[in-house]
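Engineer: No gaps in the numbering here: position 452 of the sequence shown is 452 in full-length UniProt numbering, and each next residue is one more.
Glycine included, each C-beta is placed from N, C-alpha and C at the ideal position.
Remember, it's a predicted structure, so these values are computed and weren't measured experimentally.
Can you keep this structure in mind? I'll have questions shortly.
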Amino acid sequence: MKKLLFLLMIIGFYACSEDLTDNVLPNQDKAANKQEIMTRSAMLANESVEPTVKLGNKLENPYSVRNMKAAVRALKATGNIEIEVPESSIHPTHLYIEFSPESKEQLDILKADTTIEFYSYPLDYELIGTGVFDTAGALEDTQVESLYASWPYGKTLPSNVPYSILEELYIPDENLDDEPITRPGMVSSNFIEALVDKSLELTGNIDTEPETRASRYYPQGYIKAWDDIAQDYVPIGGVKVRARRWFTTRVGYTDRNGHYLCRGDGFERPANYSICWESNYWDIRDGSIVQAFYNGPKQRGYWNLNIGGGKSLRYATLTRALYHHFFGPYLFDKILTLRKIKICYRHKKGDERGHFKTQALRGIQPDIVIYGEDAGGWRPTYGILETAFHELGHCAFFYRVNGRNAYKGYVDTIRESWSNLIGWAVTENEYTLRGYAHEVHKYETFFQPPMYHMLFEVPDEYNFQSWSKYSINTDYGREYTPIFIDIYDGSNQRVYYQKYRPNTDAMIYVNDNIYLNDIDKLQQVLYKSKTIPQLKEALKEYKGQYGITDKSLDDLFEFYL
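What follows is the structure in structure tokens.
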């Protein structure tokens, strides 16, 4: 009979994990957070509705070479400041460019340059509201959106991606030091500030009264998202936050506490905050092609965001899964590839909850597709997490065996049942690390004299403990089995049904007395097992350990062979 091993394994793994060094901000407004939680139920009434951002008026560009030269002339006319940069020395430092990729291949070429921040909207327009741009709704899956960027002058432009130069820019304050520069031949920060302020004034873009250097702020804050198990907002790690002043963008990523601090010099005036749901490891898309964004407010100081619903909650939950996968502590083999993993999120009901696309090797199509709704309605956050971990398990398996041909050599039952284990175990691990052990998957304990309790998983849709000998008669049941969960876990579903469901025929359920909970060994068993008979044979290597005997193997595989 199995003992309580799975929980102890998770706790031990967590105790050995290395914590990250995090930047700390003052506590957020708990009263405001409580009010958001109280109104959360109202938001659930219509998950398809989410605030959207619209373009307002086109703004006169204060950073154009033309307007900067006018600012120099205006400063000179005052006679109140030494002109350290004559008008004749105002030359382009950047180009304001609209890129118009005509294919997914061209989009991937463009996005491969991680030194440039791309935006799905023009940077010289007013933004009205906060939330998402409904760009994907206006585009077909075969269409590609235009992207806008500030491009360093002299940097080679991609020759095979169409583009238009909208303006030549002079950006003297992109990397402005905190202290005045006094070395010969250099321009002081005081003059640069005066020049930029004058250009903002002349173009009608002064948002506030000029600030002092002491009031410079460094964009930072917390990003959290609603979780249905916690019934609260939880920190999301790995979120890319951008703070933009016209054509200058500062970027920061949230740590596991949800805190971000944008790199580089701070700002004096308000910045446009936004989230780009990507990193160097992944890219989340609104549909097949369009980059997923959240556009925040234009403001000075810290920006905190609690995400409560809509597409943005799903983007945040997928980011949570990806951050756990890549930065752990992750229990299984991680994805090994130099290219970004692309996840397509569809805010609707699909024929399935998600799938992994092996043809995505060239990096054009998304690797993974996730749907937000199923037959039961909008899926809970833990359901999105489980599906994401399941599909990431497929992706890691694909790269571990070196590609499509080798991956397809494993029968569907092996591939899907392995990902069932990953979806179940990693979701449980994610919640255990957050202090919610056994909240997403319920357990029962049964006292067995003299000294210990037996642990049983309560059957649910994710642990597949209700799978029976009749399940094998359906296409779904043949592929999506609990066989790897049974090999790994500490629960025997036949005994569970005998003890807790006495009116049920327990003999139709698997008699599972194996608990190979050494993940490294279990993964080696997996890679040797392209079929169910090969899996049974590979497990014989560990006879005498983990409850593995000839009888326990025969009992377990009774319904699978």
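(1) Considering only their Cβ atoms, is the gap separating Val234 from Arg242 smaller than 8 angstroms?
(2) Taking DSSP's pairing of strands, which residues face Ser468 in a bridge?
(3) Where does Phe267 sit, in a helix, a strand or coil, going by DSSP?
(4) Can you name, in chain order, every residue of its own chain whose Cβ lies under 7 angstroms from the Cβ of Arg478, other than the five neighbours on each side?
(5) Report the CB separation of Leu127 from Val187 in whole angstroms; it is logged as a contact under 8 angstroms.
(6) If distances are taken between C-alpha atoms only, which option among Ile422, Lys155, Lys348, Tyr273 comes closest to Ile223?
(7) Mapping the DSSP letters down to three states, classify Asp228 as helix, strand or coil.
(8) Report the three-state DSSP secondary structure of Phe484 (helix, strand or coil).
(9) Work out the CA separation of Tyr527 and Lys58 for me, nearest whole Å.
(10) How long is the line joining the alpha carbons of Arg256 and Pro459, rounded to whole angstroms?
(11) The alpha helix (DSSP H) that contains Pro533, what's its start and end?
(12) Just tell me which of Tyr497, Leu385, Gly258, Thr337 has its CA closest to the CA of Glu430.
(13) Give the C-beta separation of Leu147 and Leu110 to the nearest angstrom, bearing in mind that I take them to be a contact with Cβ-Cβ under 8 angstroms.
(14) Using alpha carbons as the reference points, say which of Asp351, Gly435, Asp374, Val426 lies closest to residue 612.
(15) Since I believe Ile275 is in contact with Tyr253 (beta carbons under 8 angstroms), could you give me their beta-carbon distance rounded to a whole number of angstroms?
(16) Where does His394 fall in DSSP's three states?
(17) Residue range of the beta strand (DSSP E) that Arg245 falls in?
(18) Are there three or more Cβ pairs, one per stretch, closer than 8 angstroms when the stretch 163–170 is compared with the stretch 84–99?
(19) Could you tell me which of Asn420, Thr381, Glu391 sits nearest to Pro366, measuring between CA atoms?
(20) Could you pull the start and end residues of the beta strand (DSSP E) that Asn420 belongs to?
(21) Look up Ile223 in the DSSP assignment and say whether it is helix, strand or coil.
(22) Taking only runs that begin and end inside the stretch 37–120, name each unbroken beta strand (DSSP E) of 3 or more residues, in chain order.
(23) Consult DSSP for Cys276 and reduce its assignment to one of helix, strand or coil.
(24) One question on the structure: do Trp424 and Ile485 come within less than 8 angstroms of each other, judged by their Cβ atoms?
(25) To which residues of the same chain is Lys311 closer than 8 angstroms at the C-beta, ignoring the five residues directly before and after it?
(26) Is Ile289 helix, strand or coil by DSSP?
(27) Please classify Glu117 as buried or exposed, where buried requires at least 16 other C-beta atoms within 10 Å of its C-beta.
(28) Around the C-beta of Arg314, are 16 or more other C-beta atoms found within 10 angstroms, so that it is buried, or is it exposed?
(29) Starting from Ala194 and walking both ways along the beta strand (DSSP E), at which residues does that stretch end?
(30) Is the separation between the beta-carbon of Gln524 and that of Tyr509 shorter than 8 angstroms?
(31) Taking buried to mean at least 16 other C-beta atoms within 10 Å of its own C-beta, is Arg245 buried or exposed?
(32) If you count every other CB in all the chains shown that lies within 10 Å of the CB of Gly129, and 16 or more means buried, which is it?
(33) Would you mind stating whether Leu200 and Tyr125 have Cβ atoms separated by less than 8 angstroms?
(34) Assuming the contact rule is C-beta atoms closer than 8 angstroms, Phe267 and Arg320 should be a hit. Round their C-beta distance to whole Å, please.
(35) Are the CB atoms of Tyr443 and Ala230 nearer to each other than 8 angstroms?
(36) In three-state terms, what does DSSP make of Gln299?
Structural biologist: To lay it out plainly:
(1) When the beta-carbon positions are compared, Arg242 and Val234 stay at least 8 angstroms from each other.
(2) Beta-bridge pairing links Ser468 to Tyr509.
(3) DSSP places Phe267 in strand when its eight states are reduced to three.
(4) Residues Thr413, Ile472 of the same chain have their beta carbon placed closer than 7 angstroms to that of Arg478, with the five preceding and five following residues left out of the count.
(5) The pair is not a contact, with the Cβ atoms about 31 angstroms apart (cut-off 8 angstroms).
(6) Closest by alpha carbon: Tyr273.
(7) In the structure shown, Asp228 sits in coil (DSSP, three-state: anything other than H, G, I, E or B).
(8) When secondary structure is reduced to three states using DSSP, Phe484 falls in the helix class.
(9) Distance between the alpha carbons of Lys58 and Tyr527: 58 angstroms.
(10) Distance between the alpha carbons of Arg256 and Pro459: 31 angstroms.
(11) Start and end: 532–539.
(12) Of the residues Tyr497, Leu385, Gly258, Thr337, the one whose Cα lies closest to the Cα of Glu430 is Leu385.
(13) Right, the Cβ-Cβ distance comes to about 7 angstroms (below 8 angstroms), so this counts as a contact.
(14) The structure shown does not extend to residue 612, since the chain is modelled only from 1 through 561, so no value can be given for it.
(15) Not really, about 11 angstroms apart at Cβ, beyond 8 angstroms.
(16) Helix, per DSSP.
(17) Going by DSSP, Arg245 is part of the beta strand (DSSP E) stretching over 240–245.
(18) Contact between the stretch 163–170 and the stretch 84–99 is present: 3 or more CB-CB pairs across the two stretches fall below 8 angstroms.
(19) When each option's Cα is compared against that of Pro366, the closest is Glu391.
(20) Here Asn420 belongs to no beta strand (DSSP E); instead the alpha helix (DSSP H) covers 412–433.
(21) In the three-state DSSP reduction, Ile223 falls in the strand class (E or B).
(22) DSSP runs (the beta strand (DSSP E)) wholly in the stretch 37–120: 54–58, 94–99.
(23) Cys276: strand per DSSP, three-state reduction.
(24) Judged by beta-carbon spacing, Ile485 lies within the 8 angstroms limit of Trp424, meaning their Cβ atoms are closer than that value.
(25) Excluding positions up to five away in sequence, the list reads Glu50, Val132, Asp286, Ala292, Tyr345, His347, Gly372.
(26) Three-state DSSP puts Ile289 in coil, outside helix and strand.
(27) Buried, since its Cβ has 16 or more Cβ neighbours within 10 Å.
(28) Buried is the call here.
(29) Unbroken run through Ala194 is the alpha helix (DSSP H), 189–202; no beta strand (DSSP E).
(30) Cβ distance not < 8 angstroms, so Gln524 and Tyr509 don't count as in contact.
(31) The C-beta of Arg245 has 16 or more other C-beta atoms within 10 Å across all chains shown, which makes the residue buried.
(32) Gly129 should be labelled exposed.
(33) For Leu200 and Tyr125, no; Cβs fall outside 8 angstroms.
(34) Contact flag wrong, Cβ pair sits at about 29 angstroms.
(35) No, the Cβ-Cβ distance between Tyr443 and Ala230 is not below 8 angstroms.
(36) In the three-state reduction of the DSSP assignment, Gln299 falls in the strand class, which pools E and B.
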